[in-house]
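Student: All residue numbers for the sequence shown refer to our numbering, where the first residue is 16 and numbers rise by one.
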Amino acid sequence: MHTASGRDSAESRADRARVRADELRTRLDELANGQPVTAVAAEQAKVRASEALDRARQAHHAAANRHIDAGEAHLRAAAAHEQAAILAGDGSVEDHQDAAQRHREAAEFHRVAAAEQSIAEDNDARRQA
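1) Do three or more CB pairs link the region 130–139 to the region 90–102 at distances below 8 Å?
2) If you follow the alpha helix (DSSP H) that Asp110 is in, where does it begin and where does it stop?
3) Can you grab the Cα-Cα spacing for the pair Ala95 / Ala56, in whole Å?
4) Tell me which residue opens and which closes the alpha helix (DSSP H) that Gln73 is part of.
5) Which residues bound the alpha helix (DSSP H) around Asp44?
6) Using 10 angstroms around the beta-carbon of Ala77, count the other beta-carbons present and answer buried if the total reaches 16, otherwise exposed.
7) Measuring straight from C-alpha to C-alpha, what distance separates Arg33 and Glu97?
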């Protein structure tokens with residue numbers, strides 16, 4: 016089930032995880048008791064693996080977007096500190112410049128992290144193809 020925002024609710028993800036865990040326990044019991052792998056079981060495993068890759072791809076995409084948003088917020092904060100440094104008439108100029116630099120560094124961290132998440136998303140998409 017998807018929420019209005021298009022994301023799965025935590026409850027629906029938990030329900031799917033419980034169902035999958037039950038399936039895995041059942042299959043493990045079957046294998047432990049000597050039951051052979053069937054075409055149906057193999058196909059179900061392929062479907063579940065594809066679903067897992069899709070969830071991973073979506074998670075990487077969402078994480079990349081969050082890093083982009085965080086980087087943009089840091090750049091806005093850096094700009095605000097730079098403006099404050101320009102307007103500051105006392106000894107706080109250096110403090111604002113230092114804070115702006117820290118925010119620019121944090122923005123760069125998030126830019127790199129977003130790129131890494133995008134690469135991971137692309138890798139998952141290739142695995143799925």
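C-beta atoms are modelled at their ideal positions from N, C-alpha and C, and glycine is treated no differently. All values derive from a computational prediction rather than experimental measurement.
Tutor: Let's see:
1) no
2) 108–143
3) Using only the alpha carbons, I get a separation of about 58 Å.
4) 54–102
5) Taken as a continuous stretch (DSSP letters only), the alpha helix (DSSP H) holding Asp44 covers 25–47.
6) Taking all protein chains in view, the Cβ of Ala77 is surrounded by fewer than 16 other Cβ atoms within 10 Å, so the residue is classified as exposed.
7) 51 Å
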